[in-house]
Amino acid sequence: MKMLAKWRLLSLFALIALVLSGCGKPYLSALRPAGEVAQSQYELMLLSTAIMVGVIAVVTIIFIYVVIKFRRKNDNEIPKQVEGSHKLEILWTVIPILLLLILAVPTVAQTFKLADVSPMDKKNADGKTDALVVNVRASLYWWEFEYPNEGIITSQEMVVPTDEKVYFNLKASDVKHSFWIPAIGGKMDTNTENVNKFWLEFDSKAADEAGGLFYGKCAELCGPSHALMDFKVKTLPRDEFDQWVASMKAVKEPAKAETASAQQGQEIFNNSCIGCHAVTPANTAPEAARVGPNLTNFGDRSRVAGILDHSAENVKKWIEDPEAYKPGNKMTGKYPQLSSEELDAVAEYLMGLKVQK
């Protein structure tokens, strides 16, 4: 009875594990593909899993059959000995080769397809590309997204159109990171010594299911706050994306604070924070000088520091003690301690940095 109870408990845990393995949020799970790349990778994963499960099942059946069929029935009986069977040797050599080919052919085909970034190199009459290109730069522990054709830069929240290929140039400014949007596809390393390139496509139906917002991660151990190096991807139909680009390009100078408190916050920001953070999208400073995230559209974002809910209260918490939320970040100790009133003022100014009314 005790043995039966243990098997029941084990079966229950196995069933729960099986059910949970299929769970996942549509904005984060690689098991719920939301784009062409993710779908092809998911199908390859299903194919390889089916082959492995099939091999395990066949081997298990043969094992059980052999154990039952050729078990010793008495001490005087010796089972028939089979040696040097050419048929069996050919069989267990050909079958693995066929299985490898079944897996290798689509894998190699998809690898070459996903590696095709030739549209990134085709220039039009204006010297730009017809394809949408985003330069991704990873830093400890934040992300920068530059749209070279559009002449704008943003950080921590990337905006892309749906149902078309988006091409990426990936690099890092300090240590190796890895760019990954689980529901969309990837991942690919960002290195300091070279630029990696690939493309992704964001499905509009899946984007609607995910609320138009996907989560991105750093997938390469890079320091104490590696697990907190998140970014968000906001997906829009092409016409709304064009409107967002126009709104960003319309920002020619830092937004002016409207209230007295926000004006105080802007003055504090200009006396300390502006050395690291730009508040205009056309940031012409060299990469080495862009040491902090671009805050032009900070008020439009969905998270503070990539991990906290977007609110003035969390802005104040982050500014007051960034080390408590992202250990090892480069912001800690870079500015004088602010009073409660000054924190309120800076938070109000930052929450008012919006490009879309």
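For the sequence shown, position 92 matches number 92 in full-length UniProt numbering, and the numbering has no gaps at all.
C-beta: ideal position from N, C-alpha, C; glycine also.
CB-CB length for residue i against residue j, believed under 8 Å
| i | j | result |
| --- | --- | --- |
| leucine 295 | leucine 350 | 7 Å |
| alanine 172 | alanine 219 | Contact doesn't hold; Cβ gap of about 13 Å is too wide. |
| proline 33 | tyrosine 42 | 4 Å |
| isoleucine 184 | glycine 35 | 5 Å |
| glycine 223 | leucine 140 | 6 Å |
| leucine 47 | leucine 103 | 6 Å |
| valine 136 | leucine 170 | 5 Å |
| phenylalanine 231 | methionine 331 | Not a contact, Cβ separation roughly 16 Å. |
| alanine 347 | lysine 316 | 5 Å |
| lysine 249 | proline 281 | 7 Å |
| valine 279 | valine 355 | With a Cβ gap of about 11 Å, valine 279 and valine 355 do not count as contacting. |
| alanine 257 | glycine 265 | 7 Å |
| isoleucine 51 | leucine 99 | 6 Å |
| serine 272 | proline 336 | 7 Å |
Residue i versus the options, residue with shortest Cα-Cα distance
| i | options | result |
| --- | --- | --- |
| glycine 352 | Glu342, Asn314, Phe298, Gly306 | Phe298 |
| serine 155 | Gly186, Ser302, Ala324, Lys334 | Ser302 |
| isoleucine 181 | Val66, Ala14, Met229 | Met229 |
| leucine 213 | Cys222, Leu221, Gly223, Phe202 | Phe202 |
| lysine 234 | Pro293, Asp300, Asp174 | Asp300 |
| glutamate 267 | Leu338, Glu157, Leu99 | Leu338 |
| proline 237 | Glu253, Lys256, Glu258, Gly211 | Gly211 |
| valine 58 | Val291, Pro96, Val175 | Pro96 |
| serine 261 | Met120, Leu101, Glu342, Leu44 | Glu342 |
| serine 225 | Ala14, Asp189, Glu77, Ala324 | Ala324 |
| glutamine 263 | Asp344, His277, Ala30, Asp321 | Asp344 |
| glutamine 81 | Val66, Ile90, Asn314 | Val66 |
| proline 119 | His277, Tyr167, Thr93, Leu91 | Tyr167 |
| leucine 221 | Glu193, Val175, Thr259, Gly186 | Val175 |
| tryptophan 143 | His177, Asn270, Val55, Leu10 | His177 |
| valine 37 | Met188, Lys334, Glu287 | Met188 |
| glycine 328 | Ala227, Arg290, Gly275, His310 | Ala227 |
| glycine 186 | Glu146, Ser29, Lys25 | Ser29 |
| threonine 192 | Glu89, Glu287, Val53 | Glu287 |
| tryptophan 92 | Val55, Lys73, Lys128 | Val55 |
One or two residues paired with residue i in a DSSP bridge
| i | result |
| --- | --- |
| lysine 165 | Glu201 |
| isoleucine 153 | Glu146 |
| arginine 8 | In the DSSP output, where bridge partners are listed per residue, arginine 8 has none listed. |
| lysine 217 | Trp180, Asp230 |
| residue 358 | With the chain represented from 1 up to 357, any question about residue 358 goes unanswered, as that position is not in the structure. |
| methionine 188 | Phe179 |
| serine 139 | Trp142 |
| leucine 170 | Val136, Asn196 |
| valine 304 | Leu308 |
| valine 160 | Thr235 |
| threonine 129 | Lys123 |
Proximity test, Cβ basis, 8 Å: residue i and chain D
| i | result |
| --- | --- |
| isoleucine 102 | Absent from the structure is chain D; it holds one protein chain and no more. |
Check your understanding: Between the segment 149 to 156 and the segment 127 to 134, are three or more C-beta pairs nearer than 8 Å?
Key -> yes
Review point. Can you list the alpha helix (DSSP H) stretches of 4 or more residues lying completely in the segment 22 to 85, in chain order?
Key: 36 to 69
Practice item. Specify whether the segment 163 to 173 and the segment 198 to 218 touch according to this definition: at least 3 beta carbon pairs, one from each stretch, less than 8 Å apart. Key: yes
Exercise for review: Check whether the segment 232 to 250 touches the segment 102 to 111, counting contact only when three or more Cβ pairs, one atom from each stretch, lie closer than 8 Å.
Suggested key: Because the criterion of three Cβ pairs below 8 Å is not met, the segment 232 to 250 and the segment 102 to 111 do not touch.
Check your understanding: What are the complete alpha helix (DSSP H) segments, minimum 4 residues, inside the segment 223 to 285?
Key -> 238 to 249, 260 to 271
Check your understanding: Are the segment 99 to 108 and the segment 183 to 197 touching, with three or more C-beta to C-beta distances below 8 Å?
Key -> no
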